[in-house]
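Residue numbers (my numbering): 1 to 244.
Glycine included, every Cβ here is placed at the ideal spot set by N, Cα and C.
A quick note: this is a predicted structure, and the numbers were derived from the prediction, not measured.
Report on one structure; see the data block that follows.
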Ligand code: PGA
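Following this line, the structure appears as structure tokens:
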């Protein structure tokens with residue numbers, strides 16, 4: 001089954017999350033019997049979501065975690081607490097974190113390590129900038145962001161290919177471009193597959209239209225959906241069109 005991860009970013013308030021749960025909980029559960037579904041609200045809404053979907057097939061994730069394990073780090077949230085709150089996934093290395101909050105590959109490696117120790121599956125986002133694309137350095141950029149995996153022992157990880165220029169811009173790579181990247185990713189991740197479950201997904205302007213073409217690429221094992229996932233009807237459409 002393909003994996004569909006909703007990244008709500010900071011686009012929904014606590015009240016808005018509560019009203020989505022009230023209105024769409026049953027449908028969301030139904031949908032999660034047809035595809036693997038994980039929803040990532042912002043921190044303050046995690047407990048509300050994990051309580052609402054406890055003992056159901058809908059999984060809840062976080063949009064990050066602290067680079068520290070525990071201690072006096074005002075404003076931070078630890079991977080271990082997230083696990084206790086019921087998170088099964090956490091997004092790391094998202095371009096918005098890399099660009100706006102200076103999340104480096106080194107920081108991402110530390111977060112991935114802590115998440116795995118806590119039993120949370122990291123969703124590691126990678127992707128080239130427009131400039132790197134124009135200079136023909138896509139695979140080089142991805143390799144640079146994945147390099148730290150050689151230091152990691154994991155049972156399962158998700159790698160989300162999200163070209164920076166595609167996120168939130170209504171643009172997606174062509175199918176041949178995506179096929180090339182995913183075939184490369186499959187090969188690159190091959191050594192890790194011996195000991196871990198690796199899921200390769202795509203993100204960046206996935207909506208009810210773009211999913212029609214994207215879903216044709218069999219190497220894509222799921223999707224990370226930002227803007228369109230905050231509207232349940234749109235998210236449901238994407239899932240139903242994107243099921244393999
Ligand atoms: P988008 O965001 O679907 O709004 O482009 C994707 C993401 O940032 O994960």
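Closer than 8 angstroms: is that where the CB of residue 241 sits relative to any heavy atom of the ligand PGA?
-> The residue labelled residue 241 in the question sits at position 241 within the chain shown. Checking the Cβ of residue 241 against the ligand PGA gives no.
Would you kindly work out how many angstroms separate the C-alpha atoms of residue 18 and residue 129, rounded to a whole number?
-> Position 18 of the chain shown holds residue 18. Position 129 of the chain shown holds residue 129. Going from the Cα of residue 18 to the Cα of residue 129 covers about 35 angstroms.
What did DSSP end up calling residue 151 once you bin it into helix, strand or coil?
-> The sequence position of residue 151 within the chain shown is 151, counting from 1. Annotated three-state conformation of residue 151 is helix, per DSSP.
DSSP beta-bridge partners for residue 225?
-> Start at 1 with the first residue of the chain shown, and residue 225 comes out as number 225. Paired residues: 6.
Alpha carbon to alpha carbon, how far is residue 161 from residue 45? Give it in angstroms, no decimals.
-> Locating residue 45 in the chain shown gives position 45, counting from the first residue. Locating residue 161 in the chain shown gives position 161, counting from the first residue. Straight-line Cα distance between these residues: approximately 26 angstroms.
What are the start and end residues of each continuous beta strand (DSSP E) run of 3 or more residues lying completely inside the stretch 27-72, in chain order?
-> 36-40, 59-62
Can you tell me whether DSSP reads residue 163 as helix, strand or coil?
-> Here residue 163 corresponds to residue number 163 of the chain shown, with the count starting at 1. Of the three classes helix, strand and coil, the one that applies to residue 163 here is coil, per DSSP.
Are residue 241 and residue 5 close, meaning C-beta to C-beta below 9 angstroms?
-> Counting from 1 along the chain shown, the entry for residue 241 is found at position 241. Counting from 1 along the chain shown, the entry for residue 5 is found at position 5. Result no, Cβ atoms of residue 241 and residue 5 do not sit closer than 9 angstroms.
Is it buried or exposed for residue 117, if we count other Cβ within 10 angstroms and need 16 for buried?
-> Looking up residue 117 in the chain shown gives position 117. Classification of residue 117: exposed, given that the 10 Å Cβ count is below 16.
If you compare alpha carbons, which of 127, 110, 133 is closest to residue 99?
-> By 1-based counting over the chain shown, the position of residue 99 is 99. Checking every option, the nearest Cα to that of residue 99 belongs to 127.
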